[in-house]
Structure formats: structure tokens, C-alpha cells
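Student:
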Amino acid sequence: MVSMDPSIWIAAFFTIAATSYAFRDNVVFKFAEYTFIGVAAGHQIVMGIKNIRDYGWTKIMEGQIIYVLVFVLGIMLYARFHREYYWMYRFPIAFLVGNGVGISIRAAIHSDFIVQVAQTASTPLIGGGAMGTINAIITFVGAVTAIFHFIFTQENLHEGTLGYIPKIGRWLMLLAFGASFGNTIMSRFGMYQGRIIFLLRDWLQLV
Amino acid sequence: MSVWEKLTSLPREVVMGLVIIAMLIPALSPLGLPLMTGQMSQDWYDTIEALPEGSVILFDIGYGSGGYPSLGPGTIAAFHQIFENDLKLVIMATALEGTLMYPLVMAAVQPESNYGAVYGEDYVFIGYIAGTQTAMAGVLGDLHELVTNDYQGNPISGMPLMDNVGGADDFAIVAYVTTSGDVAEGWVYQAYSQYNRDVLGGTLSMMTTSIKPYYDSGQLLGIMDGVKGAADLEFLTGHPGDAIVSSDILTFTQTLVLIFIAVGNISWFMQKQEGSG
Amino acid sequence: MDYKRDIPLAITFIVGVIAIGDYYTGIEAVTQTFNVIKNWGIVLQGFALGLGAVNLFRVHGRRLSARKEGTDWYFSGWLLLMLVVFIGLGLVTGEYEQGATYSWLYNAIYLPLGSTMYSSLAFYMAYGAYKVLRARNFDAALLFITAVLVIFGNTPIFPAIYPGFFHMREWIFGPIVSGAYRGVRIGIGIGAVVLGIKTLIGMETGYLGRR
């Protein structure tokens, strides 16, 4: 028994249309592609305006008149499209960049550097049986040699006997990237399977 | 053209057609293969189990339609466990489509009828907040200063749950499920490093390797590893869903990929031998 | 002084320093100021969400008005129509994305398109595995080995036959992935901090656009 819900039929059409590109470029796919871009941009605007209402407009309504300044800055973003007044766009973008950079580097230095270095330094290389020792050594060697691989300011680090250190780093990274690739295959199939389940269960109602 | 050359030059349409067939067969007649749960998902499950009753979890829906097939089932399983354990949920979205993923997840979980949960008392959805890390820092810093209404525009000030939640200190744990690398890192930066909160992370499988160092160093207490992690959670929580169905399909599609890899490499090797001979 | 460039650079510096100061100083006044900056940032991000759509209006509006042959201008018209329909439905009802018609259209159009577009790379992964994933040399063989072992471990039937496949996958995600990616993560951390500092002190100005 096939679904009688028109929204399911439209969704099934767009699923098949978007998939069709895997076989060959065609006009149905192009239709789906343009639809997707239009809808995505429309949704983005709707959510943008809702965000402005919830976090900006309500503040003004509550009497925080200073928020008018944010609206002025927000409108200045659109000077980007004007040849003469382009420079005005730099004020809000400078604010966003300053905020984004400040908010992320203050914590990145802790999460990505201090904690990672401390973890590497504090893990005992020997202990936890033979397997535990082997694992700890591989992890330590992997972390240290991978960092060495990215030091490009000292050319001699990549030459002669010393050159084996970054080389080991590269080998271990390639092994890790292989794992990443294997997982990527699972990830992509995992996502497409959702559409197959939709087509068979919700549209054709075969399962 | 030798047989080896023929084997490496199958037309694209044939390869794609075989992939589709490999997806359709197990979807129509599932195999029901047993699952082996990974340590990362087990840790996610155990972390939630260990939370005392009434603890408040901040949960970020950081994905949209693209990530839903992979991450939606995992979110559903996680919510089942949370409501079963009488924990409280403050849900937000850092993804533009997050507010539209929320009803899909809730339609599957049905917290009111399945667990007697009450909106406003046991869970609240504060909606989408733009700005990724700025939004995270805003919610963890002073939630009421930033958010005044829930996703439908109702004031949060009168809601019993929200009256007890003001910022990071009131959350027992922060959990996120996302397709975005910025969000995956951002929660570790903001919740763990800035506000010293425990964090659980769910991402697409292809991102798992890049956030694994956070798990090793205890910055993430558990990882939901894409569709595999979702299937693990469905199994652990006893709520089988789409992710377990997907596991069966994965058996066929990934076996086909392995066959492709074998055929491609053997043919390439034999051609090389023939060339040098 | 070039106020068109220098004032924005000063804004970046001041806002960034306040954000960092909030973390390291714990001074109440700095935290209060930063709370305001965060809220402003969230509102500004809302404004920024419209930039892409305005650009689409410009590009496709031009194509539509020119109606040149071979440009698929009618698709541009369709794109703009969909854009306007979604904006209209979201704003006119005052319910934004929560409106019934909006949700209906989202579930019928955006959801299937979003998930299919995003996931159809699966087909190319399969094709790539068939055509490109070759153990051509030592480096490629390393990548090849773990890729194949992880696929074996990820495919439920193989661990069901021999659990060692799954344990091997878990082991690869242990020391191999942890070690190498920790090195990469430390590199990312150093890079992000250096780039951040360069941006704050005005040595990196790419975000300001053309001169």
C-alpha cells in the first residue's frame, strides 16, 4: 500500500531527483538543486530575522535602547554590496571577528594545547601489562612525531637520521587517516540509508 | 582489453546501481545481526546512568536535515535514557534547522505519554541561537540575560525548570550532537575549558577521529560515533530504531565496498604484472 | 590615519581583548561588558545570516532579467520563487519556522533534499573506493590497511563471524588514532592561537576585504 500523503510523495520525488545525479547530470536534478538552494536561503533569512527579534528587538522593547546600535551595525553589514560604501561593512565584521577570535582562542589554548600536552606528558609509558605499554608508547610516539612533522622552520629536522622522526609521524598519521576514511564510508552510507528507509517505509510502505 | 582492465572499468552507472541494490535488499528483509557496542558509546551511556535523579542536562541539537538520518536516531535513544532516568533537559539548537529537528525527535520519544514528563518542568526547548561559540558562552554564562523566551515565544521565567537554571553551574552535564566541526570543538572549548563542565559529544563518524583526543584526555566523557554510536545507544537503552535497521544495511553496502576495493586492487596489481611482464 | 581600516582594526582588538580578559582576569566589570558583547554578537550573527540570500537575489535576479539563452534563467526564477515563498510563509504568519504550512513544506521539500544532497556522496565514496583506493606505494598502503580494517570492524557481519575484527577496529581507534590526532590537535591549537593573536593585533586583515 503506497502512501496517500502528498507531502510524502513530494519528499519521495525530491529524494529520487537529488539521487539521480549519482548516475548522470540531468534536468530533474537541476530542478532539485535550485529548489534546495532557494529553500535553504529562505530558511536562513527566516531564522536570521527570528534571531534578531528574540535577542535584539525584545531587548529594545524592554527599554535597552543601546541595542539600537547593534541594529545599525547589522544594517552596515549590507554595505558589502555597495561599491562606494563597502568600507562600512568592516565595522560590524570587525566586531564579529574580534568576538569570535577572542572567545575561541582563550579556550583553545587550554583544550587543544595545555590539556593535550599534559595528557601526553602525564601518561606513564610503562604499565597496564604488555599491551598497555605498547599502546602507551604508540600514542606517545604518534603525538610527538606528528608535531615534528609539522615543524617546517627547521629544514634539518626533515633530513638524515633525524628525518625519521617526522617520517614516523607521517606514517602514523596515514594510518590514522585510513581509519578516518573507513569511518567516512560508514558515515555517508549511514546518512543515505535514512533515505532508503524513508522510501521503503513511509512512501512505498513495504516494510 | 584484458579481463583485468574490464574489471577496473565498470561504468559508473553499474557501480551506483549495485550500491542501491545493496541498500534495498537488507532494508526489505533485515538480517538482525548482533551488535558489538563500542567503548565510546558505552561511556556515553554510563555517564548518563550515573547522573543523580533530577540533574539538569544542557543538550544541543547541532544538526539539520543532512545529519538527521545519522544523528537523529542517536538523539532519540539518548532522550529515552534521559527521561527514563528522571533527568531534566534544557534543549537548544546551534544549527539553523535544529528547531525543525526537535519536533521529529520528540514525536519519536513522546516524553509526555511515555514518561509522564511535563514541558516546562522536565524539559524546555529554548530554540536556535546564532553565533555558535558565542551562543554557547551566552547560555553557559548568564542564560536569563540572553534568553527570555522558549522556541515558541513563551516566557521562560515562569517555568519551574528554568527558574532553577541560570548558567553553567546548574547543568550537571552538557551534551551535544552535531554535524559541525566548529560546534564539536566549541562545546569542549566553552563548556569544558571555560566553564569546567563535563561534556558528551556526538558527531558524524567521519568526525570522530578528530575529536577523539578530547575523549582520551577526559574533556569528553563519551562519544556517540555517528550511526554506529546511535545503534549502540539504541541497543544499550533498549529502544531499537532506525540506527539498528541501518546496521543491517551497512553490512551489505560496506561488504560491497570491500569487494570493490578488492576487485580494484587485484585488477590493478595484475595489470601491473602484465605490463612489466 | 585611514579611519576606514584603522577603526575596524581597533574594534577587533578591543572586543577580542575584552573576551580574553573575561577569561583570565575574572573582573566583574569585564565580565559584564563581555556579556553585552556576546549578546550583540548573537544579534549581529542574525543579520549576517541574510548576506547569502541577498547575494542570491543579486546573482539570480540579474540572470532572470537578462534571460540569456543557455543560462537556465527559468531555474533562477524558480529559485527566487522558493526563496520568497519560504520567507513569506515564515514572516507573514508571524510564526516563523513553527507555522504549520512552513513545517509541512519543510518536511516535504527541504528535509528530503537536505538529507539526500548531503548523503549522496556515499555513491562517490563507493566509486572512489573502487577506482582510487590502491596500495600503490608504502604510504598509500598504510592508509589502505587501516581503512580496510576499520571497514571490516564497522560492518556488523564480520564481527558477528569473528569478534576480532571489532577489537582490531577499537584498537586502531586507540593508540593509532589517539596518538596521531593528538599531535594534529596540538598543531591546530598552536595555529589557532597564533592566527588569533595576529588577527587581534592587526597583522592579519583579510577579513576586512578589498582595500
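Protein chains in written order, with my numbering: chain A, 8 to 214; chain B, -18 to 258; chain C, 66 to 276.
Each residue gets a CB set at the ideal place from its N, CA and C atoms; glycine is no exception.
1) For my contact list, S27 (chain A) and F36 (chain A) are in at a C-beta cut-off of 8 Å; report their separation, rounded to the angstrom.
2) Can you look up I133 (chain A) in the DSSP assignment and give me helix, strand or coil?
3) Please look up how many angstroms separate the CB atoms of Y62 (chain A) and I107 (chain C), rounded, as I've assumed it's under 8 Å.
4) Between G274 (chain C) and chain A, is there a C-beta pair that is closer than 8 Å?
5) With a threshold of 8 Å between beta-carbons, can F157 (chain A) be considered close to chain B, or not?
6) Name the one or two DSSP bridge partners that L70 (chain B) has.
7) For chain B, is any of its Cβ atoms less than 8 Å away from the one on N106 (chain A)?
8) Could you tell me the alpha carbon to alpha carbon distance between I175 (chain A) and Q114 (chain B), rounded to whole angstroms?
9) Do V105 (chain B) and M140 (chain B) count as a contact pair if the criterion is CB distance below 8 Å?
10) Using only CA atoms, which one of B:G256, B:K(-13), B:M(-18), B:S257 lies nearest to K196 (chain C)?
11) So D263 (chain B) is in the beta strand (DSSP E); what residue range does that whole segment cover?
12) Report the three-state DSSP secondary structure of P221 (chain C) (helix, strand or coil).
13) Quick one: what's A156 (chain B) bridged to in DSSP?
14) With distances taken Cα to Cα, identify the nearest neighbour of R143 (chain C) among C:I85, C:H125, C:A165.
15) Is the shortest distance between the beta-carbon of W94 (chain A) and the beta-carbons of chain C less than 8 Å?
16) Decide yes or no for the touch test of the segment 209 to 227 of chain C against the segment 194 to 210 of chain A: beta carbon pairs closer than 8 Å, at least 3 of them.
17) So, does the CB of G170 (chain A) fall closer than 8 Å to a CB anywhere in chain C?
18) Name the chain A residues whose beta carbon is nearer than 9 Å to that of N145 (chain B)?
19) For the alpha helix (DSSP H) that contains H165 (chain A), what are its first and last residues?
20) Classify D197 (chain B): buried if its beta carbon has 16 or more other beta carbons within 10 angstroms, exposed otherwise.
21) Taking just the CA atoms, how far does G45 (chain A) sit from G136 (chain A)?
22) Please name the residue in A:V53, A:S118, A:L80 whose C-alpha comes closest to that of M147 (chain C).
23) Can you pull the chain A residues whose beta carbon is under 9 Å from the beta carbon of E215 (chain B), in chain order?
24) Mind checking whether D223 (chain B) and P54 (chain B) have CB atoms under 8 Å apart?
25) Just the chain B side, please: which residues come within less than 9 Å of V214 (chain A) by C-beta, in chain order?
26) So which of A:G55, A:I110, A:I144, A:T42 has the shortest CA-CA distance to L77 (chain B)?
27) Do the CB positions of V146 (chain B) and M73 (chain B) come within less than 8 Å of each other?
28) Got a sec? Which residues, its chain only, sit under 6 Å from M8 (chain A) by beta carbon, not counting five neighbours each side?
29) For L185 (chain B), which residues from the same chain have a beta carbon less than 8 Å from its beta carbon, with the 5 sequence-adjacent residues on both sides left out?
30) For the putative contact between L170 (chain C) and L154 (chain C), defined by C-beta atoms under 8 Å, what is the C-beta separation to the nearest angstrom?
31) Report the neighbours of K253 (chain B) on chain A: residues whose CB is nearer than 8 Å to its CB, in chain order.
32) So the candidates are B:I63, B:E(-6), B:Q20, B:R(-7); which of them puts its Cα closest to the Cα of G219 (chain B)?
33) Run down chain C in chain order and give the residues with a C-beta less than 7 Å from the C-beta of L181 (chain A).
34) To the nearest angstrom, how far is the alpha carbon of I92 (chain C) from that of Q175 (chain B)?
35) Pick out the complete alpha helix (DSSP H) segments inside the segment 81 to 141 of chain B, 4 residues or longer, and give them in chain order.
36) Can you find a CB in chain A that lies within less than 8 Å of the CB of I192 (chain B)?
Tutor: With the structure as the only source:
1) 5 Å
2) Note: I133 (chain A) maps to coil in three-state DSSP.
3) 5 Å
4) yes
5) no
6) B:I38, B:Y104
7) yes
8) 35 Å
9) yes
10) B:K(-13)
11) For chain B, the structure presents residues -18 to 258; residue 263 (chain B) sits outside this window and is missing.
12) For P221 (chain C), the secondary structure class from DSSP, reduced to helix, strand or coil, is coil.
13) B:F40, B:L181
14) Here the sequence assigns Trp to residue 143 (chain C), which means Arg is not the residue at that position. Comparing Cα positions, the closest option is C:H125.
15) yes
16) no
17) no
18) Simply none; closest approach about 22 Å.
19) No alpha helix (DSSP H) holds H165 (chain A); DSSP gives it neither H nor E.
20) buried
21) 59 Å
22) A:V53
23) Result: empty, since nearest Cβ-Cβ is about 13 Å, beyond 9 Å.
24) yes
25) A8, L9, S10, P11, V226
26) A:G55
27) no
28) Q212
29) G48, S51, L52, T160, G207
30) The C-beta distance from L170 (chain C) to L154 (chain C) rounds to 7 Å, short enough to fall under 8 Å.
31) Those do not exist, as K253 (chain B) stays about 21 Å from chain A at its closest Cβ, beyond 8 Å.
32) B:I63
33) D204, L207, L208
34) 15 Å
35) 92 to 96, 114 to 122, 124 to 127
36) Residue contact check for I192 (chain B) against chain A: no CB pair falls below 8 Å.
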